[in-house]
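Just below is one structure, and these are the notes that go with it.
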Amino acid sequence: MAGARRQNDTMDAGCPRLPDTVLFEIFLYLDHADVLSVGLVCQQWRAVARDEFLWKELFYRYYRVSRDVPRHPGAVSWYEEFQRLYDTIPCVEVQALKEHNDQVLHLSFSHSGCLFASCSKDCTVKIWSNDLDISLQHSSNMRPYNWSYTQFSQFNSDDSLLLVSGVFVGPHNSSSGEIAVISMENFTLLSRVRNKPYDVFGCWLNETNLISGNLHRIGRITSCSVLWLNNAFQGIESENVNVVKRLFKIQNLNASTIRTVMVADCSRYDSPDLLLDYEEQLAASSPCPGFDLGSDSEEEGAKPRPPPEPAVQELPDVPAEHGLQQLFDGIMEGHGRPAMTDTELETKVAELFVRNRTKPPEPNLLPTDSNSKTKYLIFTTGCLTYSPHQIGIKRILPHQMTTAGPVLGEERRSDEFFDSLDHVIDIHGHIIGMGLSPDHRYLYVNSRAWPRDCVISDPMQPPPIAEEIDLHVFDLKTMKEVKRALRAHRAYTPNEECFFIFLDVSRDFVASGAEDRHGYIWDRHYNICLAKLQHDNVVNSVAFSPVEQELLLTASDDTTIKVWRSPRAMRIRQARRPRPRKLLFSWLLNQKS
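Mapping to the working numbering: the sequence shown position 205 is 353, numbers consecutive.
Set out below in structure tokens:
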């Protein structure tokens, strides 16, 4: 490499012609800065720097991208694409914010990108101003409201309100969740809403209405989750106006519960920022081979994986009353069924009861109208054990997006006690994070896989989980998994101690925290890891600026928030700053005189 650099110096005088093969080999062994600056050395290098064949070969070799993957649909040339992946990744640490005095758990930007909020184990939510240098604008302490800590925040669509979710300490030291709504005009607390379990987190449905959860125990491992629509201005509205309305009531089996709710808007599905399906990108070209996201190679990925055997067998299609009667008769007579544990018996009874007491799912879940006002409620759930291993999707219709109407929602028939899920995605592992792409077309999911052939016999003892985190991608327009799972980040806590690791998605990148003291950035199109961002402890959350994807924040158990910018953004920032060269030159002249 040093020899190549010395040869560059001798080329300036006569600029002798080198064979293309020699130039190509030099390109392969030069580092990033050399590759991007060789065009300034001599005319020959300027010509080579724009050679598409050389840059294409360099791109695939350097970044180790499969040659089946086409160039990014927005790229003008391979040279520009190589430069993009080098120059626009937010991997340069520019600031460390240390105002929190305990673990920082979550970060969220306002839609304008001018503000962001941070939540922490120190029980504060802090509002920061995103100027050239980030500064603290406001801090709210939630301990006076009996909170243990703050864990999640989200700005509403016009950035006028901030939803803050935390853990609330109730009577006898019992803990559940609570959601607070803070006005961004004067930072006053507008309302508080109970939220159970606390890791439902909560989310905005529209500008003034938010979704919370509640949990009702039916048996030892059977429960019912109720999702509520709440008006943010509960303390201001008239007592004659509804401020809360039940959205859905869903039965939980085998100690599972609904957690981590979020809302996806279907209106932009036909005009996404980035199509991840290569066949859609190259409609006129031959399609690329599809990948099974859980496989370790192209050959394995090309073969369809048989679905895992369900842990609970399908029940015969009989009315619930007859099924329950047959079940109890068999138990009393001591024949017809093998001996069951109390847990198995409770699950069987719950399944039989819910069979004819559930409202059927909505038909035609997939949106057909690009201008549809339909939204999806997305959440983690399960059916085999308490650890979240499924993603539930429920359509929210336009008439359900307001608290107007009966307080308990639509009138139901006696045989429609529960709501059914419109779609369920099985992950076969413990879900520890979810995030939507900016256009809401794609859902990214962090999970820690179970052993491939595991069988769950006790819902209170889930299978062991892998240390390696898989980042899956699902297309919400087709409800199918796309691309290969992204890997690089790791986690080490066991099932009973597992916690949420927040991820974030920008137009071109996806980032995630990890327990290995790093944040990670991948390219969404090429499925490659581009950067590791160092912390001194677990990285809990990451957040891209919604208006500037070359700005990324990371939050850690080391109590700091780190600010990362791209090399290109750093050059622009430095160019804006005044340079003291004239003052230095004047000082030198004065010293000489």
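Using N, Cα and C, we set each Cβ at its ideal position, and we do this for glycine too.
Notebook entry, point to check: For V317 versus N289, is the C-beta distance shorter than 7 Å?
Noted result: In this structure, N289 does not lie closer than 7 Å to V317 by Cβ.
Next item on the list: Counting only the same chain and skipping the five closest in sequence on each side, list residues whose C-beta sits under 8 Å from that of I580.
Entry: Answer for I580: N594, S595, R596, I617, A639, C646, F647, F648, I649, listed in chain order.
Check: What is the residue span of the beta strand (DSSP E) that Q382 lies within?
Finding: Q382 -> no beta strand (DSSP E), and no H or E assigned at all.
Notebook entry, point to check: Leaving out five residues before and five after A659 in sequence, what residues of the same chain have Cβ atoms less than 7 Å from its Cβ?
Noted result: Here the set comprises L651, D652, G667, Y668, I669, V690, F692, L700.
Next item on the list: Could you work out which residue in R632, S301, R416 is closest to L523 when comparing CA atoms only?
Entry: Checking the sequence, you will find Lys at residue 523 rather than Leu. The candidate whose alpha carbon is nearest that of K523 is R416.
Check: Sorted by chain position, which residues of the same chain lie with C-beta nearer than 8 Å to Q722's C-beta, five sequence neighbours on each side aside?
Finding: In its own chain, leaving out the 5 sequence neighbours on each side, no residue places its CB closer than 8 Å to the CB of Q722.
Note to self: My output table needs one value for A723: the three-state DSSP class, helix, strand or coil.
What the structure shows: DSSP, reduced to helix, strand and coil, places A723 within a helical segment of the structure shown.
Item checked: V273 classed as buried or exposed, judged by whether at least 16 other C-beta atoms fall within 10 angstroms -> V273 should be labelled buried.
Margin query: Suppose you measure from the CA of H673 to the CA of T489; what does that come to, to the nearest Å?
Written below: Distance between the alpha carbons of H673 and T489 is about 49 Å.
Next item on the list: Give the DSSP bridge partners of Q682, in chain order.
Entry: Per DSSP, H666.
Item checked: Exposure of V224, with buried meaning 16 or more beta-carbon neighbours within 10 Å -> It counts as exposed.
Note to self: Let's test the definition: count the other Cβ atoms within 10 Å of the Cβ of T626 and tell me whether it reaches 16, buried, or not, exposed.
What the structure shows: T626 should be labelled exposed.
Margin query: For N304 and M549, which I take to be in contact (beta-carbon distance under 8 Å), what is that distance rounded to the nearest angstrom?
Written below: Not a contact, Cβ separation roughly 14 Å.
Check: From I709 to P612, what does the alpha carbon distance come to, in whole angstroms?
Finding: I709 and P612 have their C-alpha atoms some 32 Å from each other.
Item checked: A328 beta carbon less than 7 Å from that of R342 -> For R342 and A328, no; Cβs fall outside 7 Å.
Next item on the list: Output the distance between the C-alpha atoms of F207 and C677, rounded to the nearest integer angstrom.
Entry: Here the C-alpha atom of F207 lies approximately 14 Å from the C-alpha atom of C677.
Notebook entry, point to check: Considering only C-alpha positions, which residue in the set G325, L591, H248, G540 is nearest to L569?
Noted result: The option with the nearest alpha carbon to L569 is G540.
Note to self: For F335 and H286, what's the separation of their Cα atoms in angstroms?
What the structure shows: When rounded, the distance between both Cα atoms is 8 Å.
Next item on the list: Consult DSSP for K743 and reduce its assignment to one of helix, strand or coil.
Entry: No answer is possible for residue 743: the residues shown for the chain start at 149 and end at 741.
Margin query: If you follow the alpha helix (DSSP H) that Y227 is in, where does it begin and where does it stop?
Written below: Membership of Y227 in the alpha helix (DSSP H) is indicated by the continuous run 226 to 235.
Next item on the list: Return the CA-CA distance between S360 and F349, expressed in angstroms with no decimal places.
Entry: Distance between the alpha carbons of S360 and F349 is about 8 Å.
Margin query: If you reduce the DSSP assignment to three classes, tell me which class D413 lands in.
Written below: Look at D413 here: in three-state DSSP terms it is strand.
Next item on the list: For L556, name the three-state secondary structure that DSSP assigns.
Entry: A caution first: L556 carries a pLDDT of 48, below 50, which makes its placement in the model unreliable, though a value can still be read off. Coil.
Notebook entry, point to check: Where does D347 fall in DSSP's three states?
Noted result: Correct three-state label for D347: helix.
Checklist line | Nearest-angstrom beta carbon gap, A636 and T533 [assumed within contact, 8 Å] | finding: About 27 Å separates the beta carbon of T533 from that of A636, a gap too long to meet the 8 Å contact definition.
Item checked: CA-to-CA distance, M332 to H364, given in whole angstroms -> For H364 and M332, the distance between alpha carbons rounds to 34 Å.
Check: Got a sec, what are the start and stop residues for the beta strand (DSSP E) S704 sits in?
Finding: Element bounds for S704: 696 to 704.
Next item on the list: Report whether the distance from the Cβ of H547 to the nearest heavy atom of the ligand HEM is below 6 Å.
Entry: Absent from the structure shown: the ligand HEM. Ligands present: none.
Next item on the list: Give the range of the beta strand (DSSP E) segment to which N289 is assigned.
Entry: From DSSP, the beta strand (DSSP E) with N289 extends over 283 to 289.
Check: Of the residues D250, P546, S654, A380, which one's Cα is nearest the Cα of C271?
Finding: The residue with the shortest Cα to Cα distance from C271 is D250.
Checklist line | Under 7 Å between C-beta atoms of H259 and P586 | finding: Contact: no.
Check: Tell me, which residues are paired with G581 by DSSP?
Finding: Paired residue(s): N594.
Checklist line | Simplified DSSP assignment, three categories, for R716 | finding: In the structure shown, R716 sits in a helix (DSSP, three-state: H, G or I).
Notebook entry, point to check: Excluding the five sequence neighbours on either side, which residues of its own chain have a C-beta within less than 8 Å of the C-beta of V217, listed in chain order?
Noted result: Taken in chain order, the residues that qualify are Y426, C436, H673, Y674, N675.
Next item on the list: Whole angstroms is fine: what's the gap from V711's alpha carbon to E241's?
Entry: Straight-line measurement puts the Cα of E241 at about 6 Å from the Cα of V711.
Item checked: Counted within 10 angstroms of its Cβ, other Cβ atoms place E323 as buried (16 or more) or exposed -> Rather than Glu, the amino acid found at residue 323 in this sequence is Ser. Note on S323: under 16 other CB atoms within 10 angstroms of its CB, so exposed under the neighbour-count rule.
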